[in-house]
Structures are given as C-alpha cells and as structure tokens.
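Residue numbers (this note's numbering): 46 to 790.
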C-alpha cells in the first residue's frame, strides 16, 4: 500500500518575548489613543504641541529673540523675517511655566502688540471658540467612521480561536490545489532558477509579504554525455541500467531516463570484478559473506531498504568492496506499481554543497575538492536487470507469494561496471516567503517542500507539495486581508537541489545558522506528500507525538522518472491533497498561535525509556538516569505546563519562561557524530519496527563486525550524556520557576 506523509520536525521549540506587550503598555501609558490616531486634525495638533513644548524646554530659550521685534511692530507685517539663534542641546530641561516663575523678565524678551479693545478681544475669542467647536465635532464624526470602516486588531485569544482556524481551513479546496498543480507542470522551463521564479510569482500574487529568491552556487554531479553500462563478461552482453541491451534501438526509452539512472557523487571509472550478492547489506549479511569469500575490490549486489543507504555503503566501503549494483526487490514494491523495468537515481550526498561542508556556499567561501564522496562505484539498476544477473527469467509468474531475488550459490558472475559523470558548479534557488507574526515575530514556524531541479526526474510530487503550500498561503492571506495575523511568524520555503542531497535547505540553514538556532520553533515538511491512496502516516519528532505518529521508509531514497508516478492517477479529485493541506494547516496554526507551545515533555521521557528496552542495552546507569528524567518531566508537566495552559491561572512571565524551555526540549539529544545516514537526534528511530536508540543498534552491529567494544562504549557515552543533559535542563527550568514565583511572593 502507498502512503501519504506530512512530517513535523521540532528543531528548536518556542520563546515568549514580552517586549512587544511592554511597548504597547508603555504607549498606552503615554496617552496614545486609537481614536486620536484616526483623527488627522487632532493628531496634527498634538504633534505640533509636542514640538513647541520641546523647544520651550531647551535651556537658553530665554535668550531666543526676534531681531525684527524691536525695530518693527509685529502688527505691521504679515510675515516678518525671522533670524533665529541656534538652540543648544538640553542638559537640564525646564518647563515654560517653571521658567516664568524663576525669571520675572522672561516675557520682556518679546514685544507684543497691546490689545485694541475689549470688544475686539470678545469677537476673537468667540471666533476661536466656534472654530474649535466645529473642528471638535468634525473630528468625532471622522473618527467614528474611520473606526467603523477599519476593524480593530484581533486579540491573542481571538487569533487562536478554533473558529478562526476553521474559517481559514475551509478556504482550502481541492479544485484550487488541482489548478495550481496543473499550472506548475505547464511551465516549460526545467532550470532550477526558472521553476523557482514561477513559484515566487505564485506566492507573491497571493499577497505573501517579503517573498524572495535565495541563490547559492553549488557543486553538482551530473550525468555524462552517454549512459552508464553493465556488461556480463561471460556472455559479453552489455546493458543499460534499465535492463535494455546496449545494441538495441532505444527509441522507446526517454533519453533522460538513460542518463539519469545513476548515483550522484559516486566514484567514476570502470571496474571489472566478481558480483557478490549481499542482500540488504545487514551486519549478518556481511558476516556471512566475509566468512566464505574475500570481498576486496568486488562488486556487491545490494537491495535498497531496511537501513539507510549511506550507512550500508559505509559498511561496504570499510569491508573493502570496490563497487555496488543497487536495486529494489519486486517483493518490496507496492503491488499497485509497475517499476520492474525502471532504473532510478540516488544521491550519495548526506546534505549540503559537498565543496563547502559545514558552512554556506556564499561568495568568497573556500571550495574543497570533493568530486566524489565515496571510493565505491555505485550504480542503480532496474529489477529487470537484477533478474538477468541472477539468471531469473523476466516473465517469472508471482502468484500467491513473492520470492525475493537471490544470486545462485553456484558459479561466478563477473561483470564490468562503467560509470561516468561530470561535476560542475550551478546555481540553485530557494524561494523564501514570510507571514510576520504580531506578538512574537521573531519566532518562526517553517513549512518546507522542494521544487523540481533534476529535469523530469523525481516524479511530480514536487508540484503536489508546492500546490498544497500555495493553497494554504492563499487561504491564510484571505484572512490576513480581513485583519487577522498569526502570533508567531510563518516562513514558507521551496527548496532547490533536493535530489542531490537537500542542498538548498542545508545551505540556507548554514547561512542563517545563528538566527535559526535561536528563533525556529518547528519545521513542517511536505516532501512527497501523496504516495498512495490508502492510509495517512504523519511523522513527528518525540515532543510532537500527540500531533502525528512515525513511519519512515528507506525506499523513498530512490527517485524514479516522472512518467512512472502520475499524481492525477493516485488522486484524480485531489481530495487527498486537500486533506493533507488541511492537516498541515491545522498543525501550523496550532503551533503558530497557541499561547503555550503544544510540545510534550513527558512524551520525550517516555520515548527515552522505551528506547532503552531490550536485553542488549540493559545498562543500569542509563536506566537510572532515564528514570530521573521521567520524574522531572512529570513534575515539569504538572506543575508548570498545566497552570500555563489554564487561562485563569496563566501568568505572562510564566508562559514566556515555559516556552523558552519548550522551544529547546530536544536539543539535548542532538549529537555531532553519527553513522552516515542516521539522524543527529538520537531519539529518531530508524523505522517503526525498531524502538531502540539507532546509534546503539548501529554501534552493536559495528562491534559484531570488528570484534571490538570501543564503538559501543562511545555510543553509550553519547546516549548517557544526552539523557543526563535533558534531566539537568528540565531541573534548571523548574528551579527558575520556583525562584521567580518565590520572589514574587
């Protein structure tokens, strides 16, 4: 069965910044009024009075004089020539009424015209009074209609009202997503920058503010001018990765399919060697093979799945293999798909521009010479070619049960593997757009997907995910135009260079590393959202397990040609797209608007304890620290999160400090060094079949391979330090709360 996926990654979790509320409170204390702000005449009068008051308070104003006042009577000229002496900066300001009391000659610096008569003064006063009355009435009328026309800003309680969420989500409609999807696919350009510009125009047309292109020049590994080949030395037959013979006509094949059936950043050249079947490349498979043969410089026949590809390749490289033929066993493919004769593309890049590892590819950056990221010659092949290599007829009937492919134990197969690719620097583009929050604009919820950057390879899921995001933007901006805004800033991202190893997202993250570490609350991914038409499988980090459940798959590492997965066949009415869009929107709105972040500390503690179950990792120190972590998390959740979630007990200072803690819940579990292909967050499991820490499982495998405990000891130390760090973090949060509340009492 296929699956639909919407994933939520908790990168940092959130911070309550009360500066905005303090500024508002200060402004209200200074006398700002929305009624006066809407009355232009009164506002102008207030500004003028403020300027005059400021000038009168300057020291030395009593020396300020009108030079023409002595020689000319003010009443004889309508516009006297004013020669003003400069006013010195204030060091000890005084009000004008205080000066009048201290300096009895203060008025004598001016020559005023004596009043003509009491009757004249009466008419002047009456005239001024009538004018002021008319202006006052006019101001009230203007203010009334201005307030009636302009809606007042929504309160925080109104912004996170579920009714508001419903109004936004009901605007997300399947027909809109379908139209956006078709518009994206009609775009003829195949260049990354061209596709990104198309998305930018779409997002900007919806009213998304501050949308821009962010470009990076990165090192890409592209196919050569001719396809890679696999040749059977026994028979001399030459095959393309798809399984079609090299000497046959290829008119029925797409030329791009021939060229793009490759592994980006593989080693290059030609290798002639014996083919060795290692199945999925597990530790048991390698131990079994190494016990019966020398694998040095041989070519492994490897199935995709069960473990991350990069991790399995690292084991093969350490074992001494020289090359790898990579395929997907037909028994592992959904029965609704027909991909037997299709080769695919994979990337051997763990993330980012290979020439700038760990830092952004900006102008002036040092470029390292890293043309290939492995010593192995790696080539993906179709299931059809795999069957030929194991001498299994192509038309083998599969009735009730599927028989996994396996190379016969008897006889040797020697093949020649030829791999050619070209490394070149190209520009990739990210599209970044912001919907600024009103209360905490420096706290970001990021929604990301990727756009097509490898011609037609990788399927049409990029258009699916982009259409879903665009439809969500459209629904949000309709509400924004009516005066609504989220509390926290929502950042929409479309990444370039994803098929080469998430290059666009990595480079942007490295470029904004300090900002993102401090400000990002959560990351919501829409990569490949619609994979089938049966069940929904959201994936989330441990602190967000209440919003989703995990279900990763390593078969998604393969990118097939576009014509093999027609999105409109999977979801002709686009109702699945609408469901994914609304689910994504609901999660985003909750995280962006809830006063207390919807992150669960106790879920993390339970995840830690569950990951320590099993006889292989029964370490007393780990179990003890995990128990302390659970006790502290329970106390934290009951004593701090419960009252903060109750509006009657909610104190602003408590909420702000609580969100500071929640934002960084999982940072304690981030480690610097992990095996290739594994998550840096040690809480993220490899798949739904395993519950143990992935770093411990892989360390145990290394121990079996190398007959050494050094790897497992290092992994145990990493896990122990992470759990203890989380325990200290929660305890410090509790201590801060207790100290603050005690001080207030």
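Just so it is clear, CB atoms sit at the ideal spot from N, CA and C, and this is done for glycine as well.
Collapsed DSSP secondary structure at residue i in the structure displayed
i	result
residue 769	helix
residue 261	strand
residue 352	strand
residue 407	coil
residue 530	coil
residue 312	coil
residue 317	strand
residue 626	helix
residue 672	helix
residue 274	strand
residue 468	strand
residue 253	coil
residue 347	strand
Option nearest residue i by Cα separation, candidates the options
i	options	result
residue 711	446, 727 and 248	727
residue 761	743, 230 and 774	743
residue 569	723, 630 and 212	630
residue 394	654, 421, 547 and 575	547
residue 635	566, 247 and 702	566
residue 274	291, 169 and 701	291
residue 633	666, 482, 250 and 374	482
residue 513	658, 524, 457 and 571	571
residue 341	348, 328, 350 and 319	319
residue 734	351, 669, 677 and 279	351
residue 639	649, 671, 704 and 682	704
Proximity below 8 Å, CB of residue i to CB of residue j
i	j	result
residue 406	residue 238	no
residue 454	residue 385	no
residue 229	residue 508	yes
residue 723	residue 740	yes
residue 419	residue 506	no
residue 303	residue 272	yes
residue 655	residue 736	yes
residue 312	residue 422	yes
residue 647	residue 613	no
residue 768	residue 642	no
residue 424	residue 358	no
residue 750	residue 331	yes
residue 471	residue 240	no
residue 480	residue 534	yes
residue 623	residue 215	no
Where residue i falls, given that 16 or more other Cβ within 10 Å makes a residue buried
i	result
residue 285	buried
residue 308	buried
residue 177	exposed
residue 497	buried
residue 168	exposed
residue 270	exposed
residue 446	exposed
residue 532	buried
residue 766	exposed
residue 782	buried
residue 173	exposed
residue 374	buried
residue 146	Because the pLDDT at residue 146 is just 36, under 50, the model does not fix this residue reliably, and the point stays unresolved.
residue 738	buried
residue 708	buried
residue 338	exposed
Separation of residue j from residue i, as counted between CA atoms
i	j	result
residue 550	residue 398	10 Å
residue 493	residue 392	20 Å
residue 653	residue 720	20 Å
residue 408	residue 713	33 Å
residue 626	residue 521	12 Å
residue 282	residue 306	19 Å
residue 389	residue 426	7 Å
residue 556	residue 772	31 Å
residue 261	residue 468	16 Å
residue 314	residue 457	23 Å
residue 325	residue 464	22 Å
residue 702	residue 564	15 Å
residue 243	residue 584	29 Å
residue 516	residue 575	15 Å
residue 620	residue 524	23 Å
residue 430	residue 327	22 Å
residue 255	residue 562	21 Å
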